[in-house]
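Asks:
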Amino acid sequence: MQAVESSAVQAVRTSFEAAEHRREVWLLIAGYSGQIGRVLCRQLEARASGLRAQGIHLVVTGRINRREFLWRNPHDHGEETFARTTDDWPEILRRFLSSGKTPRLFVDCTANGAFVERYAELLKLGIGIVTPNKLANSGSQASYAALQELARRCSTPYSYETTVGAALPVLGPLADLVRAGDRVKRIEAVISGTLSFIFHRLNNGGRFSAAVREAHARGYTEPHPGADLDGADSGRKLLILLRESGLAWEPQQVAVDGLVPPELAVEIDVERFLAGLAAHDTAWAERAEAAHRRSLRLAYLARFDGRSAQVGVTHVAASDPVALLAPGENLIRIWSDRYQPVPLSIAGPGAGPELTAAGVFTDILKAAREILPG
Ligand SMILES: NC(=O)c1ccc[n+]([C@@H]2O[C@H](COP(=O)([O-])OP(=O)(O)OC[C@H]3O[C@@H](n4cnc5c(N)ncnc54)[C@H](OP(=O)(O)O)[C@@H]3O)[C@@H](O)[C@H]2O)c1
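If you read the sequence shown in my numbering, its first letter stands for residue 171, the second for the next number, and so on.
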């Protein structure tokens, strides 16, 4: 009797495990040791059992950074660690593809182009991509369109909501609007959490260099804050907004106005770059004071008026919603056929590792639901 019961229990367990395996999604996370990657791994771990109870079993099978590749097959025990080499991608991919039909997602949390050229290969293999990295969607229009087309053709998720506004729902709703036939006429946006933070401090009497240092310490900035201050990051985000609006624009069509002179912009050492900003404190304080005297505030805006697109410093009225943003907040205003004269406005905190990682997590969950069997 005992033997019959235990084999029945075993059969139930086996069928339960088989059902669980069918609900597995394997994740390969690049940049797991960065600001966003670290928080994401922590959030995934914290939510794992809750999600399992809902029938979604997210399994981090692989983690990559510049130095190592960590591999854990969920059905074996233990984790293997490999030192990275220049030609290890085929082996990484072989392991990631090793489990038959298990749905898979590649999560690119790097801040550079190390994996961007792999996206097409991954999509063709049916591996979905989730990323907060702007680079793949802010290159040429041809490469943007090719990836979109590939994801569509291969019915494979390609999710990058966090590339604009961090966890704010911006790109998805915008793309939905356009798919439903609306046409975007004009955009005005504060899309850099870093610059929103810095200009809030400046408008309230803060020192420019201290504000940048604080934004960096809070994890709002790109790894090198020069990438925010030279305007390139905002320029890329505006380009992505335009493309998600259905407009075919090239990077060089977006005019970019930076905040630091070229000789400082080229400084690659973060500490020396931050120290060099102090020389510009007086000039920025004078600009902010001059604006105040005219009841205006300084702002860094991304703008599209139907003909031209630019990111740069401008003045807004002290009562303008842009001037009233809390430090680090984003505001995206979109005028379209349907949203006029009052624009569609999306506002809220738009930077920081916790929020950005939470946005990446949301994208992972949406993608997992798309690829898991019904
Ligand atoms: N911070 C924000 O608020 C925010 C908001 C929206 C979007 N984002 C985007 O999120 C992404 C990550 O930002 P972050 O602040 O987390 O960057 P980060 O702290 O610099 O982390 C970058 C990660 O990428 C890894 N990495 C770099 N080159 C690599 C390579 N060749 N191969 C494998 N791994 C590599 C690094 O590994 P090592 O540890 O070995 O160096 C590190 O783990 C960026 O694309 C950024 O634009 C950030």
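For glycine and all other residues, C-beta sits at the position ideal for the given N, C-alpha and C.
Whole-angstrom Cβ separation of R242 and T231, contact assumed at under 8 Å?
Replies: Confirmed, about 6 Å.
Asks: Between the C-alpha atoms of V229 and A223, what's the straight-line distance to the nearest angstrom?
Replies: 14 Å
Asks: Going along the chain, which residues of its own chain have a beta-carbon closer than 6 Å to the beta-carbon of P513, five neighbours each way excluded?
Replies: R503, I504 and W505
Asks: Check D352 in the structure and name its three-state DSSP category.
Replies: coil
Asks: What is the residue span of the beta strand (DSSP E) that R541 lies within?
Replies: The sequence as given places Ile at residue 541; Arg does not occur at that position. It is not in any beta strand (DSSP E) - I541 instead sits in the alpha helix (DSSP H) that spans P523 to I541.
Asks: By the three-class DSSP mapping on this structure, what secondary structure does M171 have?
Replies: With a pLDDT of 47 at M171, under the threshold of 50, the modelled position of that residue is not reliable, and no figure is offered here.
Asks: Apply the 10 Å Cβ neighbour rule to H370 and answer buried if 16 or more other Cβ atoms are within range, or exposed otherwise.
Replies: Classification for H370: buried.
Asks: Does the distance from the C-beta atom of L434 to that of P421 stay below 9 Å?
Replies: no
Asks: Between the C-alpha atoms of G446 and G396, what's the straight-line distance to the nearest angstrom?
Replies: Approximately 11 Å between the Cα atoms of the pair.
Asks: Is it right to say K294 is buried, meaning 16 or more other beta carbons lie within 10 angstroms of its own, or is it exposed?
Replies: exposed
Asks: Can you find the residues in the same chain that come closer than 6 Å, C-beta to C-beta, to A555, ignoring five residues on each side of it along the sequence?
Replies: Outside the shown range of the chain (171 to 544) lies residue 555, about which nothing can therefore be said.
Asks: Can you have a look at Q510 and say buried or exposed, based on whether 16 or more other CB atoms are within 10 angstroms of its CB?
Replies: exposed
Asks: By DSSP, does Q224 sit in helix, in strand, or in coil?
Replies: Per DSSP, reduced to three states, the secondary structure at Q224 is coil, with no helix or strand assignment.
Asks: If distances are taken between C-alpha atoms only, which option among V424, H227, V277 and C324 comes closest to E474?
Replies: Per the sequence presented here, residue 474 reads as Phe, with Glu not at that position. Comparing Cα positions, the closest option is V424.
Asks: Suppose you measure from the CA of D507 to the CA of V360; what does that come to, to the nearest Å?
Replies: 22 Å
Asks: Is any heavy atom in ligand 3 found nearer than 8 Å to the beta carbon of Y390?
Replies: Because ligand 3 does not appear in the structure shown, any question about it cannot be addressed here, the ligands present being ligand 1.
Asks: Kindly indicate which three-state DSSP category G232 falls into: helix, strand or coil?
Replies: strand
Asks: Using beta-carbon positions only, say whether G270 and V348 come within less than 9 Å of one another.
Replies: For G270 and V348, no; Cβs fall outside 9 Å.
Asks: Taking the beta carbon of N500 as the centre, do at least 16 other beta carbons fall within 10 Å, making it buried, or is it exposed?
Replies: buried
Asks: Between which two residues does the beta strand (DSSP E) carrying Y470 extend?
Replies: Note, Y470: beta strand (DSSP E), L466 to F474.
Asks: With DSSP collapsed to three states, give me the class of Y509.
Replies: coil
Asks: With a threshold of 8 Å (Cβ to nearest heavy atom), would D258 be considered close to ligand 1?
Replies: Every heavy atom of ligand 1 is 8 Å or more from the Cβ of D258, so no.
Asks: Only counting runs of 4 or more residues, tell me where the alpha helix (DSSP H) segments fall wholly within the stretch 376-432, in order along the chain.
Replies: 378-387, 396-399 and 402-414
Asks: Between the Cα of A479 and the Cα atoms of L411, K304 and V209, which residue gives the shortest distance?
Replies: L411
Asks: Looking at C-beta atoms only, is the number of pairs between the stretch 251-259 and the stretch 271-281 that lie closer than 8 Å three or more?
Replies: The answer is no - the stretch 271-281 does not touch the stretch 251-259, with fewer than three Cβ pairs under 8 Å.
Asks: Cutting at 6 Å between CB atoms, please list the residues of its own chain near T332, excluding the five before and the five after it.
Replies: Apart from the 5 residues on each side of it in sequence, T332 sits with its Cβ closer than 6 Å to the Cβ of P302, T526, G529 and V530 in its chain, given in chain order.
Asks: Should K304 be counted as a contact of ligand 1 given a C-beta to heavy atom distance under 8 Å?
Replies: yes
Asks: Roughly how many angstroms separate the alpha carbons of I206 and E524, rounded to a whole number?
Replies: The alpha-carbon atoms of I206 and E524 are separated by roughly 7 Å.
Asks: Could you tell me which of G401, R377 and L495 sits nearest to E459, measuring between CA atoms?
Replies: R377
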